[in-house]
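Residue numbers (my numbering), protein chains in the order written: chain L, 1 to 172; chain P, 173 to 344; chain G, 345 to 516. We put the CB at the ideal spot given by N, CA and C, even for glycine. Remember, predicted model here, so these are calculated numbers, not experimental data. Right, one structure below, let's go through it.
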Amino acid sequence: MTAYFKDFVISTVADRPSYHNVTEQVEQAIDKSKIKNGICLVQTAHTTCSVYFDEYMHDSNYYGDDYLHVDINHVLDKIVPRQSTENYPYLSPGPKHIAYGMKKNDPAYPAVEWTMLNTDGHIRADLLGNSVTLGIKDGKLMRGSVGSIFFVDFDQTRKRDRTVSVVIQGDE
Amino acid sequence: MTAYFKDFVISTVADRPSYHNVTEQVEQAIDKSKIKNGICLVQTAHTTCSVYFDEYMHDSNYYGDDYLHVDINHVLDKIVPRQSTENYPYLSPGPKHIAYGMKKNDPAYPAVEWTMLNTDGHIRADLLGNSVTLGIKDGKLMRGSVGSIFFVDFDQTRKRDRTVSVVIQGDE
Amino acid sequence: MTAYFKDFVISTVADRPSYHNVTEQVEQAIDKSKIKNGICLVQTAHTTCSVYFDEYMHDSNYYGDDYLHVDINHVLDKIVPRQSTENYPYLSPGPKHIAYGMKKNDPAYPAVEWTMLNTDGHIRADLLGNSVTLGIKDGKLMRGSVGSIFFVDFDQTRKRDRTVSVVIQGDE
């Protein structure tokens, strides 16, 4: 039994949650791993992002968003409304966290206060979870006839490059 | 270290979410696997279904539903209301998905448009997740003194046979 | 490939959800396990508790609670309100479960009816889930630059000692 690792990068959109079907990349990783029986963990370490399991629904709106993703957004908009400013409707991020963020020096993402107003993204990601684990049997991902694995970035403040990691553990 | 697989089938009810305590089947699979130390993944590949971890609560209503499951339904009814017709309160399923579904030819489940009005089931399943992973130590599932594993089908449109899969990975 | 197990105990507070950053304990367990490549499951078997993945946010309120945890509480207070008495706003626990609980004989937690009025805790724990699974690569937990693992007890009725379990599976 061995472990195989594969990361891939997703380019997200701004101003709305950014959903991406990553099933094909996951299945390519399983093929490359040569692991035939075991488990497949698909995770993200970004704290405003989720990996979850659902179906591809064929129809999309004018923005190119799958109808089901738009429906998920409408449900989450009601229970975890988008953060409109500091101090409303969330306490976080507070002054210490803003100061911490302003000191970060990532040339790809210049530090600006409003980019940290993503508390809705954190809480939505907590609800959907940051990983999916599925079995691998006889070299096939156990996802049924219509199941797919989706990555979503709930941070709507800006577009970014995000990483999804696949960890495969089992026997060749 | 090795991987052991066991599927079992659950017959669901229609017109309300269908909850099933599957702990006994999972523990029987662990016994059969002879695996003593490792992890146990309990998953479903059905995209309107969840597997989650909670307690058996002893009392049930006139329908035979555990009080806690009725309480979960009441919470979810408010935030993810049942789909009453196409186009309300969800965009999904749209015309392309309906056309896709009508072409399916599963003799057990004849294609009818209204059977695809289950968007509430998809979103509820996203919130509760499609799997539970627990450790196995000295041959025992690490579920504490009262923890149980539940399968639930949130698709209320019709009764069906659904599959739950157990994947056990570890050492004998 | 081998499996390594480590439990640790968390002392919770009463009268509000009790959040605890357990990342350091998890990483100490990984170091002790000597496992370099594989997966790390962090789970709780308590049915009103969750383990979830998010960021430490630096600011805290007068109670010492991280702003983001207070924000999560406010979201959950609306959708899963705190149980105020038997029969409202939840059916559970019913008379059979109360009778079952009153027969328990745990000297650390004397049986009293009101301590079982924690249905909000059960449902909140279902939404956030009872475990986090992350990869371990080259001896490092794959949690990104700011990701942390949190344990939360949503049972607000009394303070208690709770157990978190780490299961690590992989190769040295």
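Between the CA atoms of residue 203 (chain P) and residue 62 (chain L) - distance to the nearest angstrom
The sequence position of residue 62 (chain L) within the first sequence is 62, counting from 1. The sequence position of residue 203 (chain P) within the second sequence is 31, counting from 1. Going by the C-alpha atoms only, they are around 53 Å apart.
Identify, in the order they occur along the chain, each residue of the same chain with its Cβ nearer than 7 Å to the Cβ of residue 135 (chain L), setting aside the five sequence neighbours on each side.
As a first step, residue 135 (chain L) must be located in the first sequence, where it is residue number 135. Once the five neighbours on either side are set aside, the close Cβ partners of residue 135 (chain L) are 39 and 142.
Based on the DSSP output, what are the partners of residue 334 (chain P) in its beta bridges?
Taking the first residue of the second sequence as position 1, residue 334 (chain P) is located at position 162. BP columns for residue 334 (chain P) point to P:182.
Where residue 55 (chain L) and residue 219 (chain P) are concerned, what is the direct C-alpha to C-alpha distance, given to the nearest angstrom?
To locate residue 55 (chain L), count along the first sequence from 1; it is residue 55. To locate residue 219 (chain P), count along the second sequence from 1; it is residue 47. Taking the straight line from one Cα to the other gives about 6 Å.
Looking at chain G, is there any beta carbon in it that lies within less than 8 Å of the beta carbon of residue 74 (chain L)?
Taking the first sequence and counting its residues from 1, the one referred to as residue 74 (chain L) is at position 74. Closer than 8 Å: no.
With a floor of 3 residues, list each beta strand (DSSP E) that falls wholly inside the stretch 197-255 of chain P, ordered by position along the chain.
209-215 and 221-227
Distance, Cα to Cα, residue 441 (chain G) vs residue 130 (chain L)?
In the third sequence, counting from the first residue as 1, residue 441 (chain G) sits at position 97. In the first sequence, counting from the first residue as 1, residue 130 (chain L) sits at position 130. Near 34 Å, if we compare the C-alpha coordinates of residue 130 (chain L) and residue 441 (chain G).
Members of the stretch 394-417 of chain G near chain P, C-beta cut-off 9 Å
none
Interface flag, residue 146 (chain L) vs chain P, CB-CB below 8 Å:
For this step, residue 146 (chain L) is matched to residue 146 along the first sequence. So, interface residue.
Taking residue 207 (chain P) and residue 319 (chain P) to be in contact with their CB atoms under 8 Å, please state how far apart those CB atoms are, rounded to whole angstroms.
As a position in the second sequence, residue 207 (chain P) is number 35, starting the count at 1. As a position in the second sequence, residue 319 (chain P) is number 147, starting the count at 1. In fact, because the Cβ distance is near 19 Å, the residues do not count as touching under 8 Å.
Contact under 8 Å by Cβ, residue 152 (chain L) with residue 8 (chain L):
Within the first sequence, residue 152 (chain L) is the residue found at index 152, counting from 1. Within the first sequence, residue 8 (chain L) is the residue found at index 8, counting from 1. No, Cβ-Cβ distance for residue 152 (chain L) and residue 8 (chain L) is not below 8 Å.
Mind checking whether residue 465 (chain G) and residue 500 (chain G) have CB atoms under 8 Å apart?
Translated into the one-based positions of the third sequence, residue 465 (chain G) becomes position 121. Translated into the one-based positions of the third sequence, residue 500 (chain G) becomes position 156. Cβ atoms of residue 465 (chain G) and residue 500 (chain G): closer than 8 Å.
Who are the near neighbours of residue 238 (chain P) in its chain, counting only those whose CB is closer than 6 Å to its CB and skipping five residues on each side?
For the purposes of this step, residue 238 (chain P) is taken as the residue at position 66 of the second sequence. Correct list, in chain order: 229 and 232.
First and last residue of the alpha helix (DSSP H) that includes residue 298 (chain P)?
For the purposes of this step, residue 298 (chain P) is identified with residue 126 of the second sequence, where counting begins at 1. 291-300 is the span of the alpha helix (DSSP H), which, as asked, contains residue 298 (chain P).
Partners in chain P for residue 440 (chain G), counting only beta-carbon separations shorter than 7 Å:
What you label residue 440 (chain G) is simply residue 96 of the third sequence in a count that begins at 1. Those are 230 and 231, listed as they occur along chain P.
For residue 26 (chain L), which residues in the same chain have their Cβ closer than 8 Å to its Cβ, ignoring the five residues on either side in sequence?
Position 26 of the first sequence, counted from the first residue, corresponds to residue 26 (chain L). So the list reads 40, 42, 141, 149 and 166, once near-sequence residues are dropped.
From what residue to what residue does the alpha helix (DSSP H) around residue 363 (chain G) run?
Position 19 of the third sequence, counted from the first residue, corresponds to residue 363 (chain G). Element bounds for residue 363 (chain G): not the alpha helix (DSSP H) but the beta strand (DSSP E), 362-365.
What does residue 444 (chain G) reach in chain A if we use C-beta pairs closer than 8 Å?
Checking the listed chains, one finds no chain A in this structure; the protein chains it contains are L, P and G.
Please report the distance separating the alpha-carbon of residue 111 (chain L) from that of residue 118 (chain L).
Here the question's residue 111 (chain L) lines up with position 111 in the first sequence. Here the question's residue 118 (chain L) lines up with position 118 in the first sequence. C-alpha separation (whole angstroms): 14 Å.
Going by Cα to Cα distance, which pick from G:447, G:365, G:419 and G:359 is closest to residue 82 (chain L)?
As a position in the first sequence, residue 82 (chain L) is number 82, starting the count at 1. Looking at the Cα atoms, G:419 is the closest of the given residues.
Could you name the residues that DSSP lists as bridge partners for residue 326 (chain P)?
Translated into positions along the second sequence, residue 326 (chain P) becomes position 154. Answer is none; residue 326 (chain P) lacks a bridge partner.
Could you pull out every residue in the same chain whose Cβ sits closer than 6 Å to the Cβ of residue 183 (chain P), ignoring the five residues on either side in sequence?
To locate residue 183 (chain P), count along the second sequence from 1; it is residue 11. So the list reads 333, once near-sequence residues are dropped.
Which same chain residues, not among the five before or five after residue 159 (chain L), have their C-beta less than 8 Å away from its C-beta?
The residue given as residue 159 (chain L) occupies position 159 in the first sequence. Excluding residues within five positions, the ones whose Cβ falls inside 8 Å are 11, 12, 13, 14 and 18.
Own chain, CB closer than 7 Å to residue 469 (chain G), minus 5 neighbours either side, in chain order
Mapped onto the third sequence, residue 469 (chain G) falls at position 125. Around residue 469 (chain G): 391, 392, 393, 394 and 498.
So, using beta-carbon positions, are residue 476 (chain G) and residue 348 (chain G) closer together than 8 Å?
The residue given as residue 476 (chain G) occupies position 132 in the third sequence. The residue given as residue 348 (chain G) occupies position 4 in the third sequence. No.
CB-CB under 8 Å to residue 482 (chain G), same chain, minus the five flanking residues each way: which ones, in chain order?
Mapped onto the third sequence, residue 482 (chain G) falls at position 138. For residue 482 (chain G), where only same-chain residues beyond five positions count, the Cβ hits under 8 Å are 380 and 381.
Cβ of residue 471 (chain G) within 8 Å of Cβ of residue 68 (chain L)?
Here residue 471 (chain G) corresponds to residue number 127 of the third sequence, with the count starting at 1. Here residue 68 (chain L) corresponds to residue number 68 of the first sequence, with the count starting at 1. For residue 471 (chain G) and residue 68 (chain L), no; Cβs fall outside 8 Å.
Option in P:288, P:178 and P:344 with minimal Cα separation from residue 257 (chain P)
Taking the first residue of the second sequence as 1, we reach residue 257 (chain P) at position 85. It is P:288 whose Cα lies nearest to the Cα of residue 257 (chain P).
Hey, residue 90 (chain L) and residue 415 (chain G): beta-carbon distance below 8 Å or not?
Numbered from its first residue, the first sequence carries residue 90 (chain L) at position 90. Numbered from its first residue, the third sequence carries residue 415 (chain G) at position 71. Yes, these two residues count as a Cβ contact at 8 Å.
Cβ-Cβ distance between residue 295 (chain P) and residue 205 (chain P) below 8 Å
Along the second sequence, one-based indexing puts residue 295 (chain P) at 123. Along the second sequence, one-based indexing puts residue 205 (chain P) at 33. Not closer than 8 Å, so no.
For a test of the three-state rule: what should DSSP assign to residue 452 (chain G), helix, strand or coil?
For this step, residue 452 (chain G) is matched to residue 108 along the third sequence. Coil.
Kindly indicate the opening and closing residues of the alpha helix (DSSP H) around residue 483 (chain G).
Walking along the third sequence from the start, residue 483 (chain G) turns up at place 139. Unbroken run through residue 483 (chain G): none, as it is neither H nor E.
Within a Cβ cutoff of 6 Å, which residues of the same chain sit near residue 316 (chain P), ignoring the five residues on either side of it in sequence?
Here the question's residue 316 (chain P) lines up with position 144 in the second sequence. Closer than 6 Å at Cβ, skipping near neighbours: no residue.
Between residue 188 (chain P) and the rest of its own chain, which residues show a CB-CB distance below 8 Å, the 5 nearest in sequence each way excluded?
Start at 1 with the first residue of the second sequence, and residue 188 (chain P) comes out as number 16. Excluding residues within five positions, the ones whose Cβ falls inside 8 Å are 235, 237, 245 and 328.
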